[in-house]
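In this note's numbering, the protein residues as written are 51 to 351. Worksheet for the structure shown next.
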């Protein structure tokens, strides 16, 4: 059975629609990583109802991510330019009143007036009927647009999942290496501890009692539990990747646990020579892999 899809939170999708020769629109969705679902809608004025409908469908279809939905209108302006006679009259009257008040001569320049804001216009205003048609068309496009967004997010998620699986394989190899060195490290720790205790006790000491204490300390320093827990975490991580869906937060928590085990392993083997030093090197490699994985899972849904 193939693993379920793993989704990244990075994606983009866009669609352009023409409703008539004079009216069309472009609708786009863009998403990046975020701890929760964070919706930002950029819509023309007068589309409050559409905004509520878009928010509802986006919340139903998407789980996490900073998502921007942008709607831009595309209205073809008629070739014949129009002008607002009332605005021109107001500009002319203001010009003449100012000239008379300050004793100046001259007439207003029509070319200059045409360059003033609001004078030349095209019939670009959207009627209620047109906006209603745009709203219904946008809602009809949403399923396909979200599917296109998720296709891109799935491709990104698959690439991330592949990298995470490679990291898990390297982690498993590190754990196997630690397991191979474990008994040698225990013996080295026991011998070193016994020698130091004998040196501290001098000639008069209960050898058996000291060796018992040393054995207890060595047992406490054993990394067998860390090895077992790390293997369990790796298997759990793999199963979550196979499960797919909304797993980003779960993986991040699991990586925190794995990092804790790596830290414990390092603390137990710190200062040991020989294979103990090798385990320290391996533990640092584990922490490096865990840090890479934590960066990657931040972008998973």
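We put the beta carbon where it would ideally sit given N, CA and C, even for glycine. In this text the structure is predicted, and so the values were computed from the model without any measurement.
| Item | Value |
| --- | --- |
| Buried or exposed: where does residue 58 fall if 16 or more other Cβ atoms within 10 Å of its Cβ makes it buried? | buried |
| Quick check on residue 224: buried or exposed, where buried means 16 or more other Cβ atoms within 10 Å of its Cβ? | buried |
| What does a CB cutoff of less than 8 Å around residue 340 pick up in its chain, not counting 5 residues either side in sequence? | 221, 305, 308, 309 and 312 |
| Should residue 283 go down as buried or exposed, given a rule of 16 or more other Cβ atoms within 10 Å for buried? | buried |
| Between which two residues does the beta strand (DSSP E) harbouring residue 64 extend? | 61-68 |
| Could you compute how far the alpha carbon of residue 142 sits from the alpha carbon of residue 151? | 14 Å |
| Is it the case that the segment 57-76 contacts the segment 181-201, given that we only count it when at least three CB pairs across the two stretches are under 8 Å? | yes |
| Between the Cα of residue 180 and the Cα atoms of 319, 316, 299 and 73, which residue gives the shortest distance? | 73 |
| Could you check if residue 287 is buried or exposed, using at least 16 other CB atoms within 10 Å of its CB as the buried criterion? | buried |
| Confirm, please, whether the CB-CB distance from residue 85 to residue 114 is below 9 Å. | yes |
| For the 8 Å Cβ check, are there 3 or more pairs between the segment 97-104 and the segment 131-139? | no |
| In the DSSP assignment, what residue or residues form a beta bridge with residue 119? | 79 and 91 |
| Could you check where the alpha helix (DSSP H) with residue 97 kicks off and where it finishes? | Premise fails: residue 97 is in no alpha helix (DSSP H) and is neither H nor E. |
| Taking all protein chains shown into account, decide if residue 107 is buried (16 or more other Cβ within 10 angstroms of its Cβ) or exposed. | exposed |
| Would you mind reading off the limits of the alpha helix (DSSP H) that contains residue 142? | 135-151 |
| Can you name, in chain order, every residue of its own chain whose Cβ lies under 8 Å from the Cβ of residue 298, other than the five neighbours on each side? | 59, 114, 347, 348, 349, 350 and 351 |
| When we look at the beta-carbon of residue 92 and count the other beta-carbons within 10 Å, is it buried (16 or more) or exposed? | exposed |
| Which first and last residues belong to the alpha helix (DSSP H) in which residue 302 is found? | 298-319 |
| Please name the residue, chosen from 80, 157, 196 and 54, that lies closest to residue 118 on a Cα-to-Cα basis. | 80 |
| Can you name, in chain order, every residue of its own chain whose Cβ lies under 6 Å from the Cβ of residue 338, other than the five neighbours on each side? | none |
| Identify which residue in 164, 183, 145 and 163 has its Cα closest to the Cα of residue 155. | 145 |
| Which one of 163, 110 and 125 has the shortest CA to CA distance from residue 76? | 125 |
| Go ahead and pull the three-state DSSP assignment for residue 332. | helix |
| Out of curiosity, what's the CA-to-CA distance linking residue 198 and residue 336? | 37 Å |
| Between the C-alpha atoms of residue 300 and residue 71, what's the straight-line distance to the nearest angstrom? | 50 Å |
| Would DSSP call residue 112 helix, strand or coil? | coil |
| Measuring alpha carbon to alpha carbon, tell me which residue in 153, 166, 55 and 234 is nearest residue 272. | 234 |
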